[in-house]
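What follows is a short report on a single structure.
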Amino acid sequence: MNDKNVKMTLEDIIEETKRFLSEDFKVDQDLILPESNLKETLDLDSLGYVALVVLIEENLGIKVTGEDFKEVATFGDFYSLVQKKLA
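Each residue of the sequence shown is one higher than the one before, counting from 337 in our numbering.
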């Protein structure tokens with residue numbers, strides 16, 4: 337969905353990721369807060385992380401790896417990761 341020629345703001349990243357995460361992981365968008373724990377909120381196991389990586393690539397057009405998630409605990413961390421990858 338992300339056009340490489342259009343720079344996404346942090347607000348764009350948050351809005352877009354909330355949309356596809358809530359749809360695909362069946363989570364209320366109100367639970368997806370910057371301080372919320374990513375793994376617990378999305379109930380991620382190892383297969384869940386694989387699904388998340390695929391969703392990020394499909395929806396944002398960026399590649400992430402399991403290694404990228406080592407420092408990601410909260411959605412705020414996740415948004416920072418996405419912002420860094422889009423830069």
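Each residue gets a CB set at the ideal place from its N, CA and C atoms; glycine is no exception.
Pull up the CB-CB distance for residue i and residue j, whole angstroms please, since I reckon it's below 8 Å.
{"i": "M344", "j": "L417", "result": "That pair is no contact at about 13 Å."}
{"i": "F411", "j": "L383", "result": "Between L383 and F411 the Cβ distance is about 20 Å, and since that is not below 8 Å, they are no contact."}
Report the three-state DSSP secondary structure of residue i (helix, strand or coil).
{"i": "T401", "result": "coil"}
{"i": "T353", "result": "helix"}
{"i": "T345", "result": "coil"}
Can you give me the Cβ contacts of residue i inside the same chain, cut-off strictly under 6 Å, excluding the 5 residues immediately before and after it?
{"i": "D360", "result": "L391"}
{"i": "K340", "result": "Because K340 carries a pLDDT of 49, less than 50, the predicted location of this residue cannot be relied on, and no value is offered for it."}
{"i": "D379", "result": "none"}
To which residues of the same chain is residue i closer than 8 Å at the C-beta, ignoring the five residues directly before and after it?
{"i": "S372", "result": "T410 and F411"}
Spatial neighbours of residue i within its chain, please: CB distance less than 7 Å, with the 5 preceding and 5 following residues excluded, ordered by chain position.
{"i": "L369", "result": "F411"}
Practice task
For the stretch 364 to 378 and the stretch 397 to 404, state whether three or more C-beta atom pairs, one from each stretch, are separated by less than 8 Å.
Solution key: no
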